[in-house]
């Protein structure tokens, strides 16, 4: 074995190690990058938001009586504000419907229609938005949405924007934070871990999701 070959082999191994280390560092700092990008694409004033055809509302739990949780209610009120101001034409509500007696999408739909007076013709219901990844990929693949404004609490929006952008829905966000929520500190901490999971889902794992025939929005 010639010395030239040995040096070349060492150089290749060194290059592979450098690339590997760079990827690890990039993965470790991904929450900071995603948070920064997200915050630069979140609106806080309704009057500054350009027109979008659709707003996407993510599920956030329902109470034992089947009504929206406080966080979800604030998301729906915020979406209705955009709708009534003419900023969006349609609202896509997306939530979990896997279990008996637990139906986020219907609770969201009924609240918008019965409490916020949003026309039922302008609401689309996605029954398989089990998590942020599912909502975003289905918005692109099933509902044919190319761009949207995302409605959620401020701590969740950077991850939602990152995920939807990566899956084909060019997104901005509008914060639905209207109060201090129970366990809000826990959710903010959990969000950092969820960002790592989102990076893995989008770029490495590509998990399965509930498919179906394309819908008309």
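Residue numbers (my numbering): 1328 to 1544. For each residue, glycine too, the CB sits at the ideal point set by N, CA and C.
- In the structure shown, residue 1525 falls within a helical segment according to DSSP collapsed to helix, strand and coil.
- Per DSSP, residue 1474 is not a residue of any alpha helix (DSSP H); the beta strand (DSSP E) it occupies stretches across 1474 to 1479.
- C-alpha of residue 1474 to C-alpha of residue 1465: approximately 13 Å in a straight line.
- Close CB contacts of residue 1508 within its chain, under the 7 Å cut and outside five residues either way in sequence, are with 1397 and 1398 (chain order).
- Distance check between residue 1449 and each of 1371, 1437, 1425 and 1392 places 1437 closest, using alpha-carbon atoms only.
- In this model, residue 1374 and residue 1477 are separated by some 16 Å (Cα to Cα).
- Of 1472, 1386, 1489 and 1421, the smallest CA-CA separation from residue 1366 is found for 1489.
- Residue 1381 is positioned such that its CB atom lies no closer than 9 Å to that of residue 1402.
- Contiguous alpha helix (DSSP H) elements confined to the region 1387 to 1445 occur at 1397 to 1411 and 1431 to 1441, taking only those with 4 or more residues.
- A contact is defined here as three or more CB-CB pairs under 8 Å, and the region 1429 to 1447 fails this definition with respect to the region 1509 to 1522.
- Counting the other Cβ atoms within 10 Å of the Cβ of residue 1485 gives 16 or more, which makes it buried.
- For residue 1380, the uninterrupted beta strand (DSSP E) run begins and ends at 1379 to 1385, by DSSP.
- Going by DSSP, residue 1376 is part of no beta strand (DSSP E) at all; its letter is neither H nor E.
- Here residue 1389 is buried, its C-beta having at least 16 other C-beta atoms within 10 Å.
- Check the Cα spacing between residue 1377 and each of 1430, 1414, 1529 and 1522: the tightest is with 1414.
- Following the DSSP letters along the chain, one finds residue 1531 in no alpha helix (DSSP H), marked with neither H nor E.
- Per the C-alpha coordinates, the member of 1364, 1451 and 1458 positioned closest to residue 1525 is 1458.
- Taking the CA atoms as reference points, residue 1470 sits about 24 Å from residue 1370.
- Between residue 1418 and residue 1451, the C-beta spacing is below 9 Å.
- Here DSSP, grouped into helix, strand and coil, assigns residue 1503 to coil.
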